[in-house]
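Colleague:
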Amino acid sequence: MFSLAGKTVVVTGGGKGIGLGISTRMALQGANVVMTGRSLPALESAALGLAEQGGKVLPVRADLTNPADTERVVNTTLATFGRLDGWVNNAGSASPDDVGPLIDIREDQWDRVVDLNFKWAFFASQAAARAMKDGGSIVNITSRSASYANPRTGHYGAAKAAMENLTLTMAAEWGHLGIRVNAVAPGVVLTEELAKTLNTEERLRKQIEMVPLQRIGRPDDIAGLCVYLVSDASSWTSGALIPVHGGSPIPFGYISYMRKANRQDNVKHGGRGEI
Ligand SMILES: NC(=O)c1ccc[n+]([C@@H]2O[C@H](COP(=O)([O-])OP(=O)(O)OC[C@H]3O[C@@H](n4cnc5c(N)ncnc54)[C@H](OP(=O)(O)O)[C@@H]3O)[C@@H](O)[C@H]2O)c1
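In the working numbering, the protein residues as written are 2 to 276.
(1) Thinking C-alpha only, which one of Q215, A184 and G155 is nearest V115?
(2) Candidates S249, S126, L59 and T9: which alpha carbon is nearest V190's?
(3) Any idea what DSSP makes of K207, helix, strand or coil?
(4) Relative to ligand 1, is the shortest distance from any of its heavy atoms to the C-beta of K279 smaller than 7 Å?
(5) Are the region 168-186 and the region 198-209 in contact at 8 Å, needing three or more beta carbon pairs?
(6) Output needed for E193: all residues of its chain with C-beta closer than 8 Å, excluding positions within five of it in sequence on either side, in chain order.
(7) Could you give the first and the last residue of the continuous alpha helix (DSSP H) run that contains P97?
(8) Given 7 Å as the limit, tell me if R39 has its C-beta closer than that to any heavy atom belonging to ligand 1.
(9) Within 7 Å: the Cβ of T168 and any heavy atom of ligand 1?
(10) What residue range is occupied by the uninterrupted beta strand (DSSP E) comprising N76?
(11) Going by beta carbon distance, what residues of the same chain come within less than 6 Å of W111, once the five residues before and after it are set aside?
(12) In the DSSP assignment, find the unbroken beta strand (DSSP E) run with T168 in it and report its ends.
(13) Are the region 114-129 and the region 211-219 touching by the rule of at least three beta carbon pairs closer than 8 Å?
(14) Please determine, among V61, S96, R181 and G55, the residue with the shortest C-alpha to C-alpha distance to A80.
(15) Just the C-alpha distance for S236 and R26, rounded to the nearest angstrom, thanks.
(16) Give the DSSP-derived three-state secondary structure of M36 in the structure shown.
(17) Taking the alpha carbon of A162 as the point to measure from, which residue in S4, I209, V185 and S46 has its own alpha carbon closest?
(18) Opposite T9 in the DSSP bridges: which residues?
(19) Which residue's Cα is closest to the Cα of K57: A196, F82, P42 and M2?
(20) Of all the options P187, V89 and A128, which has the alpha carbon lying nearest to the alpha carbon of N141?
(21) Using a Cβ-Cβ cut-off of 8 Å (strictly less than) and excluding sequence neighbours within five positions of I209, which residues of its own chain qualify?
(22) How would you label G38, buried or exposed, when you count the other beta carbons within 10 angstroms and need 16 or more for buried?
(23) Going by the DSSP bridge assignment, what does G136 pair with across the sheet?
(24) Span of the alpha helix (DSSP H) holding N263?
(25) With DSSP as the reference, label K120 as helix, strand or coil.
(26) For the alpha helix (DSSP H) containing W237, list its first residue and its last residue.
(27) What residue from D99, A6 and G188 has the CA that sits closest to Y149's CA?
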């Protein structure tokens with residue numbers, strides 16, 4: 002029921018972080034996996050590791066923000082494996098250079114974050130749906146940030162919330178085509194990238210204190226649900242927005258921002274303050 006044998010799945014940003022966890026589990030469950038990303042060496046080394054474990058994987062360099070690249074991913078997938086059954090919109094982020102309090106956010110920062118996490122994730126879904134001739138499953142990796150206030154990353158949370166709303170409409174419009182669309186909303190998952198910020202015992206401890214299950218997430222914690230959502234086990238699941246956060250729905254950034262903001266007299270009295 003949970004086997005992915007005979008299915009072909011594209012994982013955007015599939016060579017690093019959560020995406021690599023998803024690619025790995027998909028491959029181990031028997032899927033043909035197409036992993037995309039902008040850095041080919043990273044993809045090739047990840048693909049080699051998976052091939053050594055018996056996975057059927059194809060690395061394809063592609064920038065999600067370039068529609069010609071997405072079209073090439075679809076065409077290469079169909080040319081290589083003959084079909085497309087699953088598409089995981091995992092590529093996404095908010096670079097440290099593009100975040101800050103909303104009062105200071107610039108249009109170019111807004112555009113980079115909202116376009117990557119919302120606009121291009123949607124057009125990738127559309128390209129995938131058009132290529133899924135026998136139906137299929139689209140999984141959007143959003144964030145628990147979609148459902149809460151996100152001081153300093155407000156536009157990122159809003160983009161993820163928009164993607165969750167669109168997930169509902171895609172599920173409604175494409176259900177009659179046999180295409181299921183769901184969203185997976187992670188809490189904090191420790192990746193190589195995030196480890197650059199959560200780089201002290203103290204920072205890790207503060208994050209873990211917020212999590213009822215008493216640990217930070219791992220890419221594999223997200224991957225299992227993605228396997229389920231692409232497998233036939235979920236054949237009556239569509240339009241679902243599923244959190245995976247160890248029981249911790251509130252972004253840590255919210256708590257820490259409020260603590261700092263309320264310690265600053267000028268903010269208390271209506272000024273901006275430096276947080
Ligand atoms: N980690 C967390 O705590 C967390 C929490 C909630 C939600 N999420 C979401 O989970 C997803 C994965 O996050 P992550 O933490 O694993 O991120 P990550 O470690 O920074 O990896 C991001 C992946 O996306 C790819 N990528 C970024 N921009 C791209 C673009 N323009 N075109 C193609 N690929 C691109 C990257 O590959 P290249 O650099 O090679 O392009 C990389 O493979 C994201 O959607 C993120 O918003 C993460």
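Yeah, the Cβ is synthetic: ideal placement off N, Cα and C, and Gly gets one too. Given the structure is predicted, the values throughout are model-derived calculations rather than measurements.
Modeller: Based on what the coordinates show:
(1) That would be G155, whose Cα lies nearest to the Cα of V115.
(2) Checking every option, the nearest Cα to that of V190 belongs to S249.
(3) In the structure shown, K207 adopts helical secondary structure according to DSSP, grouped into three states.
(4) Only positions 2 to 276 of the chain appear in the structure, and residue 279 is not among them; the question remains open.
(5) As far as the Cβ criterion goes, the region 168-186 does not touch the region 198-209, which means the pair count is below three.
(6) Cβ neighbours of E193 beyond the five flanking positions: K17 and G18.
(7) Unbroken run through P97: none, as it is neither H nor E.
(8) Result yes, Cβ under 7 Å from ligand 1.
(9) No, since every heavy atom of ligand 1 falls outside the 7 Å radius drawn around the Cβ of T168.
(10) Here N76 belongs to no beta strand (DSSP E); instead the alpha helix (DSSP H) covers P68 to F82.
(11) Annotation for W111: H156 place their beta carbon closer than 6 Å to its own, counting only its chain and skipping 5 residues before and after.
(12) Per DSSP, T168 belongs to no beta strand (DSSP E); it is in the alpha helix (DSSP H), G155 to W175.
(13) Under the 8 Å Cβ criterion, the region 114-129 does not count as touching the region 211-219, having fewer than three qualifying pairs.
(14) Considering only alpha carbons, the answer is V61.
(15) Rounded to whole angstroms, S236 to R26 spans 19 Å at the Cα level.
(16) Note: M36 maps to strand in three-state DSSP.
(17) By alpha-carbon distance to A162, the top candidate from S4, I209, V185 and S46 is V185.
(18) Paired residues: N33.
(19) The candidate whose alpha carbon is nearest that of K57 is F82.
(20) Scanning P187, V89 and A128 for the CA closest to the CA of N141 turns up V89.
(21) Within the same chain, I209 has close Cβ partners Q215, R216 and I217.
(22) In the assembly as shown, G38 is a buried residue. Its beta-carbon has 16 or more other beta-carbons within 10 Å.
(23) G136 pairs with K134.
(24) DSSP places N263 in the uninterrupted alpha helix (DSSP H) bounded by F253 to R264.
(25) Reduced to three states, the DSSP call for K120 is helix.
(26) That residue, W237, is in no alpha helix (DSSP H); it is neither H nor E in DSSP.
(27) Relative to the Cα of Y149, the nearest Cα in the group D99, A6 and G188 belongs to G188.
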